[in-house]
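Numbering-wise, the sequence shown is residues 334 to 620 according to the numbering used here.
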Amino acid sequence: MSYIDCHVHSMGDETFELMLEWMDREKLNKHLLFSKHPFMSDIDLSKKKLTGLNTLVSDKEFEKNMAAVGEAAAKSKGRIVPFLWIEPTMKNTIKFIETAVKDYGYKGIKIIPNGWYPGEERFEPVYDKIAEMGLPILFHTGALWSFGETSKYCRPLNFEFMMKYPGTRFAMAHIGWPWIDECVAVALKFIELRENFPGGDKLQCYVDITPGTPPFYREYALKACLDVLGPACLMFGTDSRTSTKVISVSKPSEKYENDKKILTKLGCSQENQDKIFHKNFLEFVGE
Ligand SMILES: [Zn+2]
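Here it is, written out as structure tokens:
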């Protein structure tokens with residue numbers, strides 16, 4: 334058993350030693366680690382009316398989280414692939430992206446549209462910078478477990494704006510659950526419309542198959558992806574947390590075994606499973 338996990342969260346309190354031990358124990362070849370989320374948990378549940386939307390962390394805190402994951406990745410000899418979780422509403426986002434790549438070797442960007450639409454015009458300078466630097470983006474897609482009315486911003490349709498950036502690879506996470514069909518439709522559109530583009534033989538749109546899908550939907554979601562999109566754009570992930578407090582109960586190997594069983598049942602060959610559990614990730618991050 335050996336696989337790559339494209340979706341792991343840093344919680345800001347991890348130790349490198351525990352992460353290495355965890356990777357070995359879980360037979361994890363590599364994983365994509367997001368820097369810690371840029372929000373404060375400051376919702377006052379005692380209020381009569383809850384207005385939602387978290388406050389953002391300070392620039393200093395953001396930079397601290399950036400450094401922590403960047404330094405762990407540097408020590409890991411390629412086993413931790415760092416992605417910077419940005420909030421494009423933060424004034425210094427472009428500067429953060431430049432520092433992350435230059436000083437810490439970040440390989441890509443993670444975005445959760447948390448209260449704004451990802452394709453809003455005001456974020457164009459941020460996407461222009463990401464495109465210029467050749468970084469892939471992993472977007473949270475589907476229902477969002479943040480406080481308030483936030484899931485609508487993460488519907489798969491909202492990512493069609495990435496057609497403006499044909500050279501920038503991106504992934505939609507969680508197969509867009511509960512909008513699985515919508516996610517498959519958007520990914521299919523990217524595959525089919527690109528056929529006549531220069532460089533269109535290379536994929537732009539990937540689907541991160543990290544659950545989000547409760548078990549009831551899992552087989553349907555994987556079958557829809559395989560039958561309609563094929564295996565070339567699918568990447569395995571688990572949504573594991575590396576926080577010292579929960580790393581011992583983060584079990585990507587169990588999710589690997591479960592998905593492997595379903596994929597085998599669906600007739601997915603060993604070669605195609607290799608793509609989903611290894612190779613597609615390497616192409617996505619540009620390794
Ligand atoms: Zn996640």
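Positions of the beta carbon are idealized from the N, C-alpha and C atoms, including for glycine.
Alpha helix (DSSP H) segment containing residue 519, residue limits: 513 to 526
Proximity to residue 457 [Cα-Cα], best of 422, 414, 485: Comparing Cα-Cα distances from residue 457 to each of 422, 414, 485, the minimum goes to 422.
Euclidean distance between Cα positions of residue 543 and residue 340: 7 Å
Counted within 10 angstroms of its Cβ, other Cβ atoms place residue 373 as buried (16 or more) or exposed: Around the beta carbon of residue 373, a 10 Å sphere encloses fewer than 16 other beta carbons of the protein chains shown; the residue is thus reported as exposed.
Residues with C-beta closer than 7 Å to any heavy atom of ligand 1, in chain order: This criterion selects 340, 342, 473, 506, 543, 572.
Contact between the stretch 355 to 372 and the stretch 590 to 600 (3+ Cβ pairs under 8 Å): no
Residues sharing a beta bridge with residue 504, DSSP: Answer is 471, 539, bridged to residue 504.
Within 8 Å, strictly: CB atoms of residue 473 and residue 433: no
Alpha-carbon to alpha-carbon, residue 389 and residue 575: Taking the straight line from one Cα to the other gives about 22 Å.
Beta-carbon contacts of residue 554 that lie in its chain and below 6 Å, excluding the five residues immediately before and after: 508, 513, 546
Separation of residue 361 from residue 338, as counted between CA atoms: 7 Å
Other residues of its chain near residue 556: CB distance less than 6 Å, five sequence neighbours each side excluded: 599
Anticipated Cβ contact below 8 Å, residue 444 with residue 468, distance rounded: Wrong, their Cβ atoms sit about 11 Å apart, outside the cutoff.
Contact between the stretch 609 to 617 and the stretch 560 to 568 (3+ Cβ pairs under 8 Å): Contact between the stretch 609 to 617 and the stretch 560 to 568 is present: 3 or more CB-CB pairs across the two stretches fall below 8 Å.
CA nearest to the CA of residue 480, picked from 400, 580, 447: 447
Residue 562 versus 537, 580, 586, residue with shortest Cα-Cα distance: 537
DSSP state of residue 338 mapped onto helix, strand, coil: strand
Distance between beta carbons of residue 411 and residue 438, contact taken as under 8 Å: Wrong, their Cβ atoms sit about 10 Å apart, outside the cutoff.
Strand pairing of residue 367, partner residues [DSSP]: Note: residue 367 sits in a beta bridge opposite 342, 416.
Three-state secondary structure (DSSP) of residue 568: strand
Per-residue burial, residue 619 [other beta carbons within 10 Å of its own, 16 or more giving buried]: exposed
Buried versus exposed call for residue 510 [16 or more other C-beta atoms within 10 Å across all chains shown]: Residue environment: residue 510 is assigned as buried (16 or more neighbouring CB atoms within 10 Å of its CB, all protein chains considered).
Inter-residue Cα distance where the pair is residue 501 and residue 460: So the two alpha carbons sit approximately 9 Å from each other.
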